[in-house]
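Taking it in order: structure first as structure tokens, then the write-up.
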Amino acid sequence: MNRIRAVLFDRDGTLVEDVPYNGDPARVRPVAGAREAVRLLRNAGIGTGVVTNQSGVARGLIGTADVRRVDERIDELLGPFDVWAVCPHGPADGCRCRKPRPGLILWAAGRLCTAPEDIVVIGDIGADLEAARRAGAEGILVPTAATRPEEKAAARHVAPNLPAAVRAVLTGPPPWDFTRRHDEDCAGAPAGCPPAYGTGRRVR
Ligand SMILES: [Mg+2]
Ligand SMILES: [Zn+2]
């Protein structure tokens, strides 16, 4: 990996609170730090994009127009993002885009005219990082309450929140050290938060 030229974010549970199969723009809530994270990247001239599985379309629960309205709302609140890549398929469809397959990332990389090796994917579950790995991109996990312990254990990079992940990206290529606690990462967080991240060592 040379210089990082773009960061692709997972949508639900990473940029915005996860509302399953959300088709309602009024229910979009950015996660804490999302605005700052995207702003830091934009100020540094690094491309931004969103890569999102929306199997609610394949399941008949929402339409592509619903997804687009929600995406437009997210663009209003946090964007504009340079590229949006959406997989509307279900797990049984055998498509090439649904994460953990790499298609969304490869497609977004093409749209950004950027090699996958110069892209970082930030997501909240193992499928996001697996898609990054298969595409040849780097991945950072920003766990939520829904992230499984084994996904955290398997991730090479685990950041406590989006701004911390982005600040690491801005320092240059990996490996990044998230084991040290940075005061700014924990500003306003409850005592003991984040409890442990990075290698899993508890750092005080
Ligand atoms: Mg997610
Ligand atoms: Zn797909």
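Here this note's numbering is used: the sequence shown runs in plain steps of one and ends on residue 205. Note that beta-carbon positions come from the ideal geometry of N, C-alpha and C, so glycine has one too. Just so we're clear, the structure is a prediction, and the values are computed from it rather than from any experiment.
beta-carbon residue i near ligand 1 non-hydrogen atom, thresh 7 Å
i, result
"Asp-13", "yes"
"Ile-141", "no"
"Gly-124", "yes"
"Asp-19", "yes"
Simplified DSSP state of residue i, which is helix, strand or coil
i, result
"Trp-85", "strand"
"His-183", "Residue placement at His-183 is flagged as unreliable, the pLDDT there being 47, under the threshold of 50; a coordinate-derived value is accordingly withheld."
"Thr-148", "coil"
"Asp-13", "strand"
"Ala-33", "coil"
"Ala-110", "helix"
"Asn-54", "strand"
"Glu-139", "strand"
Status (buried if at least 16 other CB within 10 Å, exposed otherwise) for residue i
i, result
"Arg-12", "buried"
"Asn-44", "exposed"
"Asp-1", "With the chain represented from 2 up to 205, any question about residue 1 goes unanswered, as that position is not in the structure."
"Cys-98", "buried"
"Ala-154", "exposed"
"Gly-111", "exposed"
"Gly-124", "buried"
"Gly-46", "exposed"
"His-183", "Here His-183 scores only 47 on pLDDT, less than 50, and its place in the model should not be relied on; the value that follows carries that caveat. Exposed, because fewer than 16 other Cβ atoms sit within 10 Å of the Cβ of His-183."
"Pro-81", "exposed"
"Thr-115", "buried"
"Glu-176", "Checking the displayed sequence, the identity of residue 176 turns out to be Pro instead of Glu. Label assigned to Pro-176: exposed."
"Gly-140", "buried"
Heavy atom of ligand 2 within 7 Å of residue i beta-carbon
i, result
"Arg-99", "yes"
"His-90", "yes"
"Cys-114", "no"
C-beta atoms of residue i and residue j nearer than 8 Å
i, j, result
"Pro-117", "Ala-138", "yes"
"Pro-101", "Ala-128", "yes"
"Arg-216", "Pro-21", "Outside the displayed range of the chain (2 to 205) lies residue 216, so it cannot be described from this structure."
"Val-58", "Thr-65", "yes"
"Ile-63", "Gly-24", "yes"
"Val-17", "Val-32", "yes"
"Ala-136", "Leu-107", "yes"
Cβ contact (3+ pairs, closer than 8 Å) linking the stretch 86 to 99 and the stretch 43 to 61: yes
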